[in-house]
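Q: Please find one structure pasted underneath; my questions will follow.
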């Protein structure tokens, strides 16, 4: 009987959804609104009959819709695109989220809705709708325009911050407070979870999908992808996060696979079905009587969304260096709320943190702002024309000068070779920070196992001392590749820092001594700091000092004797990560900035009289093609050339800084210093 009831409910949902979507397609309105209205029509609050008998089952299917909707958003979110998001999008997103959150909170307080309702309302208002915007821009044929690219940049950053916001709201709803310490702890745990899932996923998942795709079976590929989707969603739920977070993350990882276009085509029908059920389920929760009761807050909040989004986003885009016309186009494209707001509202209902009226109010605001989106985008041009005509000439000139000034800053100033040195230092810093995060994840996981041992370990030993010691030792061995790689990175970092930041003009006769000091102190201080970091993380597992001293000695000897093997394992994983993040469609090799992450050894080669390289141009030596090593700097007296060009001549007395693997450096040194055969 239950099976018949479920089939009846599902049939009603899909039939009414299909009819309303056709109607909305004919009216040239977003189909998402059709799904929501379908839910209202068949919902329990709409007379004369309750057409749905088992709302629990439909809500379960709606949860599947949430997972697949966020998964599809992740598929559209490429991690490579994050690098292309510029300062304008970043400034706009920060302004938009902070100010809209504040506006939503104040509006909630104005209507006397309480602190928790106001916090969730602010979060709902701060997120635009990726689905609606992409659909409307596609229908209007504006996907390729410049303002649309800025809109996509804003949406990418919103997706990232939206995931963090969902995690924060989960913590706030659970604890009932918003203390700074709790926020920091929540964000720290979230960052740890994101780093581990993304790093492991980017190394493993694209290769797994590539292996499965070789069988040329659509069934195998769909089952594998959906298995990953639901598996990571379950992992996120087990870790105390929303299933939406796990679905989005695995979608972003799979988006880096070569087979992404094929996957999108295969997943699209499944996603569309469950997404329709999700939006219909949203409509089922809407009580038209409640909307009629709260009509004033709905219109006030809708006006706040439209005006607030237009102002904050337009100002942010303009401050980033764009003209007023482009800024207004971006702002008027983002003036709505959508799927992220629904998920935040669902989170409040699930955790019983918000009142019953807030969900239908949010949906009504989304419907009104979504309906206005196509008209606002079409009106952006005329509004920009009127704005430019009404501006006083002096103000218009000042705004144009500001745009030009920011554009010059964005184009970069100073020696591009110095910029490359800074880029290398920043990349190495980011790489070492990632290593520290992964080491932290290993020891945090070990600490959890030590305090909550599985039954197999409990049966293996009843002595907590041996269990904690064994778990700590296993974690230390697992972390050794990252530790060894970080120490090598610190050596390269210290050497490049000494060579590029200590000039003879400032240091004089002490130049060599200061450079040697920096090159030696940086790796030692960094290694000690990393070691203390590990000891603090594993404080709950540490054995007595005499045992710990012995184990540390064993770990040091193991790291020293197997350092090459550990470094090889690490660089293989790193190369796999870089390959995954490399744009396959361009057919080009990774840029130098990506290659140096795996080739982090540096060597200085002095050019003496009789050197075969003296008097030759860099391109004539063909050093990179012959050995794989690269010349990254030349020191010539007091002059220092970072990333010298191919037509730079090598002279006697030069000190050449070369970058590459150990064998590449040896081959390059023989070319630069020994007679050529």
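In our numbering, the protein residues as written are 20 to 696. In this text, a Cβ means the ideal position worked out from N, Cα and C, and glycines have one as well.
Grab me the residues of residue 78's own chain with a C-beta within less than 7 Å of its C-beta, minus the 5 sequence neighbours each way, in chain order.
A: Answer for residue 78: 300, listed in chain order.
Q: So, does the region 539–557 touch the region 452–468, judging by three or more C-beta pairs under 8 Å?
A: The region 452–468 and the region 539–557 touch, with three or more beta-carbon pairs separated by less than 8 Å.
Q: Would you list the one or two residues that DSSP bridges to residue 649?
A: 678
Q: Under the three-state reduction of DSSP, which class applies to residue 625: helix, strand or coil?
A: strand
Q: Can the beta-carbon of residue 297 be found less than 7 Å from the beta-carbon of residue 84?
A: yes
Q: According to DSSP, simplified to helix, strand and coil, what is residue 636?
A: strand
Q: What three-state label does DSSP hand residue 668 in the structure shown?
A: strand
Q: Considering residue 404, what are the terminal residues of the alpha helix (DSSP H) in which it resides?
A: 377–409
Q: Taking 7 Å as the limit between beta carbons, can you name the residues of its chain near residue 180, skipping five residues before and five after?
A: 112 and 116
Q: Output the residue ranges of the alpha helix (DSSP H) runs that lie fully inside the region 296–342 and measure 4 residues or longer, sorted by chain position.
A: 307–312 and 314–338
Q: Does residue 44 come out as helix, strand or coil in the three-state DSSP assignment?
A: Under the three-state reduction of DSSP output, residue 44 falls in the helix class.
Q: Does DSSP classify residue 695 as helix, strand or coil?
A: Unreliable placement is indicated for residue 695, whose pLDDT of 47 sits below 50; the coordinate value is still reported in the next sentence. The answer is coil: DSSP assigns residue 695 none of H, G, I, E or B.
Q: Using 8 Å as the cut-off, can you tell me whether the region 180–190 makes contact with the region 226–233, which would need three or more C-beta pairs spanning the two stretches below that distance?
A: no
Q: Check whether the region 254–268 and the region 319–332 touch, using three or more Cβ-Cβ pairs below 8 Å as the test.
A: no
Q: Sort 25, 48, 41 and 679 by Cα distance to residue 386 and report the nearest one.
A: Out of 25, 48, 41 and 679, 48 has the C-alpha closest to the C-alpha of residue 386.
Q: Classify residue 677: buried if its beta carbon has 16 or more other beta carbons within 10 angstroms, exposed otherwise.
A: buried
Q: Do residue 679 and residue 648 have their C-beta atoms within less than 7 Å of each other?
A: yes
Q: Between which two residues does the alpha helix (DSSP H) harbouring residue 568 extend?
A: From DSSP, the alpha helix (DSSP H) with residue 568 extends over 564–580.
Q: What do you reckon, are the CB atoms on residue 372 and residue 192 nearer than 7 Å?
A: yes
Q: Can you confirm whether the region 154–169 touches the region 125–137 when touching is taken to mean that 3 or more C-beta pairs between the two stretches lie within less than 8 Å?
A: no
Q: Hey, quick one: how far does the alpha helix (DSSP H) through residue 530 stretch, first residue to last?
A: Looking at the DSSP string, the run of the alpha helix (DSSP H) that includes residue 530 is 530–556.
Q: Between the alpha carbons of residue 667 and residue 637, how many angstroms are there, rounded?
A: One C-alpha to the other measures close to 6 Å.
Q: For residue 360, name the three-state secondary structure that DSSP assigns.
A: Helix at residue 360.
Q: Kindly list the residues whose CB is nearer than 7 Å to the CB of residue 684, restricted to its own chain and excluding five residues on each side of it in sequence; keep chain order.
A: 620, 622, 648 and 677
Q: So, with DSSP's three-state summary, where would you put residue 130?
A: Coil at residue 130, not helix or strand.
Q: With contact counted as at least three CB pairs below 8 Å, one residue from each stretch, are the region 52–66 and the region 273–281 in contact?
A: For the pair of segments examined, the region 52–66 was found not to touch the region 273–281: the number of CB pairs separated by less than 8 Å stays below three.
Q: If you check the beta carbons only, do residue 56 and residue 28 fall under 7 Å apart?
A: no
Q: Just confirm the distance between the C-beta atoms of residue 41 and residue 151, as a whole number of angstroms; I'd bet it's less than 8 Å.
A: Between residue 151 and residue 41 the Cβ distance is about 19 Å, and since that is not below 8 Å, they are no contact.
Q: Is it the case that the CB of residue 45 approaches a heavy atom of the ligand SAH more closely than 6 Å?
A: By its list of ligands, the structure shown contains no ligand whatsoever, and the ligand SAH lies outside what it can speak to.
Q: Between which residues of its own chain and residue 625 is the CB-CB distance below 6 Å, once the five residues before and five after are set aside?
A: Closer than 6 Å at the Cβ level, and outside the excluded window around residue 625, lie 674.
Q: Going by beta carbon distance, what residues of the same chain come within less than 7 Å of residue 691, once the five residues before and after it are set aside?
A: 624, 626, 630, 632 and 675
Q: Could you please give the first and the last residue of the uninterrupted alpha helix (DSSP H) stretch that includes residue 249?
A: That run of the alpha helix (DSSP H) goes 237–257.
Q: Excluding the five sequence neighbours on either side, which residues of its own chain have a C-beta within less than 6 Å of the C-beta of residue 305, listed in chain order?
A: 59, 379 and 382
Q: Could you pull the start and end residues of the alpha helix (DSSP H) that residue 53 belongs to?
A: 50–61
Q: What first and last residue would you give for the alpha helix (DSSP H) that runs through residue 234?
A: Neither: residue 234 is in no alpha helix (DSSP H) and is coded neither H nor E.
Q: Taking the beta carbon of residue 401 as the centre, do at least 16 other beta carbons fall within 10 Å, making it buried, or is it exposed?
A: exposed
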